[in-house]
Ligand code: ADP
Ligand code: ZN
């Protein structure tokens, strides 16, 4: 079988994606490979196809015990003999699986890195014919990243202990130079093919918002995509709890996920999400590494992440099926200050001397600044991301909020001076509302009650609307020129540089948004299905749900949304036509082809 035949027969795809072929060729030719591809680019295929074509077994080392079952289920559905060995098996199941592995029943075996160190596994590995060692999430070997797994350091010794060192492939979505070097050096890869594919994900729409009320903005984002599957990332466990409860109170079927929950609840919530019982997952960054649910339609970041790597990896979990999906970041100045606090007050990594810890902190602050730059840029967001990862990109992608909006910069130095003076002169006792009313010269109960109309700054910004004054106050908060006191009734206080602003009114530039550009500039996205096609799509979805339930697997493992859409669009009548649809290989055609064809026929003849 050729690699093209394997692609069609098992996976049902017609063509390789960028980078896949070169990596597959290298591994098949016995050369190590280091593949750096963004989430959703199709890394797994790069080792799964060689696994099918090489004579022996492929071991896939993955840190994600909880996901192995799904990965293996998906492979078995496609007719690939696969298994996993990890702590979720009982000892008897484990021994049984090892026996079968010894008997050569599997082409692909997923193992957790810790497993490599056990005697039982080592004795199996010494006698087995292992052709390929695929190291997934290979950045876990590097102490530079947040996902460091000490047991990854044992992988090269394990490889060397085998009678014949297998070919090694390392896979990650993390692209920083330090991590790349660490992977190659620590895994002891031998002059590997280094493949880095383009980082652009064309189907993703990027958006940054700075809402006054994040919860309201989130609700709008979620309600605007009813029934669609989405992930909401929050910075802390506490925020996860709060936001999840908030959504549930408003009738959104949301589940939560963070490291503070019992393992059992985590597993259950994750499953509810995978099986579409809770289409919205509210989570910390503990959720998602290796989640390959392909129909996530949006990822909202409720807080700004700590760096661009984390952001792009998390946001990239949207739209893995290649269909349009959105990545929305809800930014506030507070996120930056929290990030800074965590870096400067966080616990230093174990075993680091003070100088090294200081260097690491400096680097983290630098990354946080770059992340902040993304939230504040007025230029194309996609270009910002791609340049960050060392790739050039055009000025206007037509598919991010900045390319669809015009921004205006206004100079607000004199207005800032009035605001700061007003706060200083009234003793830093008042909240945003009263200060804005005072500056606008409003005649309200509070203004009268506190005699604000006697203050020097009363009406100083009467030419602006209260909304505009609030916008300027928010800008000064972001700049750190003002701060808000903690507690239930936050009052405005003076921050650093406030004195300078009050005295000298230095020039300050605030970005403000203008109306949307005409829709014509939007990039062509695949059109929505129309009329009867949409209806058929819904019927096929229902059939998929029934089928999945009967088999006890998540719906996307049966067919992806993309495949269903294509089915609804093409409306195949025969098995041969059906096999032309992307995502339907031999095993799936055999297993589900008839029932899907029947559904289509019934629909067309009704
Ligand atoms: P990664 O591990 O790089 O994040 P995956 O391996 O999970 O990405 O692949 C993402 C999705 O793309 C999966 O649904 C996969 O089946 C699909 N895919 C991979 N390669 C191809 C291809 N050549 N043609 C079409 N779809 C593909
Ligand atoms: Zn853009």
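Residue numbers (my numbering): 247 to 852.
We put the beta carbon where it would ideally sit given N, CA and C, even for glycine.
Legend entry - ligand 2 heavy atom lying under 6 Å from the CB of residue 573: Every heavy atom of ligand 2 is 6 Å or more from the Cβ of residue 573, so no.
Legend entry - Range of the contiguous beta strand (DSSP E) that encloses residue 497: Segment: none, residue 497 is in no beta strand (DSSP E) and carries neither H nor E.
Inset, instruction - Could you please go through the chain and list the residues whose beta-carbon is closer than 5 Å to any non-hydrogen atom of ligand 2? - result: Cβ-based neighbours of ligand 2 within the cut-off: 626, 628, 643, 646 and 649.
Legend entry - Delimiting residues of the alpha helix (DSSP H) encompassing residue 649: Run containing residue 649: 647–650, per the alpha helix (DSSP H) assignment.
Inset, instruction - Name, in chain order, the residues that DSSP records as bridge partners for residue 415. - result: As a beta-bridge residue in DSSP terms, residue 415 pairs with 279 and 380.
Inset, instruction - Identify, in the order they occur along the chain, each residue of the same chain with its Cβ nearer than 6 Å to the Cβ of residue 321, setting aside the five sequence neighbours on each side. - result: Hits under 6 Å: 328.
Legend entry - Backbone secondary structure at residue 286 - three-state DSSP: Residue 286 falls in the coil class under three-state DSSP.
Legend entry - Cα-Cα separation, residue 208 to residue 341: The structure shown does not extend to residue 208, since the chain is modelled only from 247 to 852, so the question has no answer here.
Inset, instruction - Report the rounded CA-to-CA distance for residue 833 versus residue 622, giving the unit in angstroms. - result: Answer to the nearest angstrom: the Cα atoms are 49 Å apart.
Inset, instruction - Go through its chain and collect everything with a Cβ distance to residue 761's Cβ below 7 Å, but skip five positions before and after it. - result: Annotation note: pLDDT 47 at residue 761 (below 50); position unreliable, no value reported.
Inset, instruction - Using a threshold of 7 Å, state whether the C-beta atoms of residue 758 and residue 660 are closer than that. - result: With respect to residue 660, residue 758 sits apart: the two C-beta atoms are not nearer than 7 Å.
Inset, instruction - Express the C-alpha separation of residue 296 and residue 468 in angstroms, rounding to a whole number. - result: Answer to the nearest angstrom: the Cα atoms are 40 Å apart.
Inset, instruction - Give the secondary structure of residue 680 by DSSP, where H, G and I count as helix, E and B as strand, and everything else as coil. - result: The DSSP-derived three-state label of residue 680 is helix.
Inset, instruction - Tell me whether residue 285 counts as near ligand 1, meaning its Cβ is closer than 6 Å to at least one heavy atom of that ligand. - result: Ligand 1 approaches residue 285 closely enough that one of its heavy atoms is under 6 Å from the residue's Cβ.
Inset, instruction - Take residue 735 and list the residues in its own chain whose beta-carbon comes closer than 8 Å to its own, dropping the five residues that flank it on each side. - result: Excluding its 5 nearest sequence neighbours in each direction, residue 735 has C-beta neighbours in its own chain below 8 Å: 677, listed in chain order.
Inset, instruction - Assign residue 297 to one of three DSSP states: helix, strand, or coil. - result: Helix, per DSSP.
Legend entry - residue 717 classed as buried or exposed, judged by whether at least 16 other C-beta atoms fall within 10 angstroms: With 16 or more neighbouring CB atoms inside 10 Å of its own CB, residue 717 falls in the buried class.
Inset, instruction - Would you kindly report the start and end of the unbroken beta strand (DSSP E) that includes residue 398? - result: Where residue 398 is concerned, there is no enclosing beta strand (DSSP E), given that its DSSP letter is neither H nor E.
Legend entry - residue 752 versus residue 808: straight-line alpha-carbon distance, rounded: Straight-line Cα distance between these residues: approximately 54 Å.
Inset, instruction - Please indicate yes or no: does the CB of residue 807 lie closer than 6 Å to some heavy atom of ligand 1? - result: In this structure, ligand 1 has no non-hydrogen atom nearer than 6 Å to the beta-carbon of residue 807.
Legend entry - C-alpha gap between residue 564 and residue 541, whole angstroms: For residue 564 and residue 541, the distance between alpha carbons rounds to 7 Å.
Legend entry - Cβ-based neighbour list, residue 589, same chain, cut-off 7 Å, excluding 5 preceding and 5 following: Apart from sequence neighbours up to five positions away, the residues of its chain that approach residue 589 with a beta-carbon distance below 7 Å are 607, 610, 611 and 614, ordered along the chain.
Inset, instruction - Flag this pair as yes or no: are the beta carbons of residue 332 and residue 374 separated by less than 7 Å? - result: Result no, Cβ atoms of residue 332 and residue 374 do not sit closer than 7 Å.
Legend entry - Reduced DSSP secondary structure (H/G/I, E/B, other) of residue 769: Because residue 769 carries a pLDDT of 36, less than 50, the predicted location of this residue cannot be relied on, and the following value inherits that uncertainty. For residue 769, the three-state secondary structure derived from DSSP is coil.
Inset, instruction - On a CA-only basis, which of 416, 847 and 371 is nearest residue 345? Give me that one, please. - result: The residue with the shortest Cα to Cα distance from residue 345 is 371.
Inset, instruction - With a threshold of 6 Å, establish whether the CB of residue 726 neighbours any heavy atom of ligand 1. - result: No, the Cβ of residue 726 stays beyond 6 Å of every heavy atom of ligand 1.
Legend entry - Contact belief for residue 354 with residue 387 at Cβ below 8 Å, rounded distance in angstroms: Taking C-beta atoms under 8 Å as the contact rule, residue 354 and residue 387 fail to qualify, at a distance of about 21 Å.
Legend entry - Span separating the alpha-carbon of residue 581 from that of residue 549: When rounded, the distance between both Cα atoms is 6 Å.
Legend entry - residue 790 Cβ short of 6 Å to ligand 1 heavy atom set: Not under cutoff, so the answer is no.
Legend entry - Distance between residue 537 and residue 313 (C-alpha atoms, nearest Å): Rounded to the nearest angstrom, the two C-alpha atoms are 7 Å apart.
Legend entry - Nearest-angstrom Cβ-Cβ length linking residue 287 and residue 258, presumed shorter than 8 Å: Between residue 258 and residue 287 the Cβ distance is about 18 Å, and since that is not below 8 Å, they are no contact.
Inset, instruction - Consider the C-beta atom of residue 522 and the heavy atoms of ligand 1; say whether any pair is separated by less than 6 Å. - result: No, ligand 1 has no heavy atom inside 6 Å of this Cβ.
Legend entry - Spatial distance of residue 191 from residue 568 (CA atoms): Any question about residue 191 goes unanswered here, given that the chain covers just 247 to 852.
Inset, instruction - Rounded to whole angstroms, what's the CA-CA distance from residue 570 to residue 363? Just pull it up for me. - result: Cα to Cα, the separation comes out at about 43 Å.
Inset, instruction - At 3 residues or longer, and completely inside the stretch 331–391: list those beta strand (DSSP E) runs for me, N to C. - result: With a minimum length of 3 residues, the continuous beta strand (DSSP E) runs that stay inside the stretch 331–391 are 354–357 and 376–381.
Inset, instruction - Less than 8 Å between the CB atoms is what I'm expecting for residue 682 and residue 656, so what's the real figure, rounded? - result: Actually they are not in contact, since the Cβ atoms of residue 682 and residue 656 sit about 17 Å apart, beyond 8 Å.
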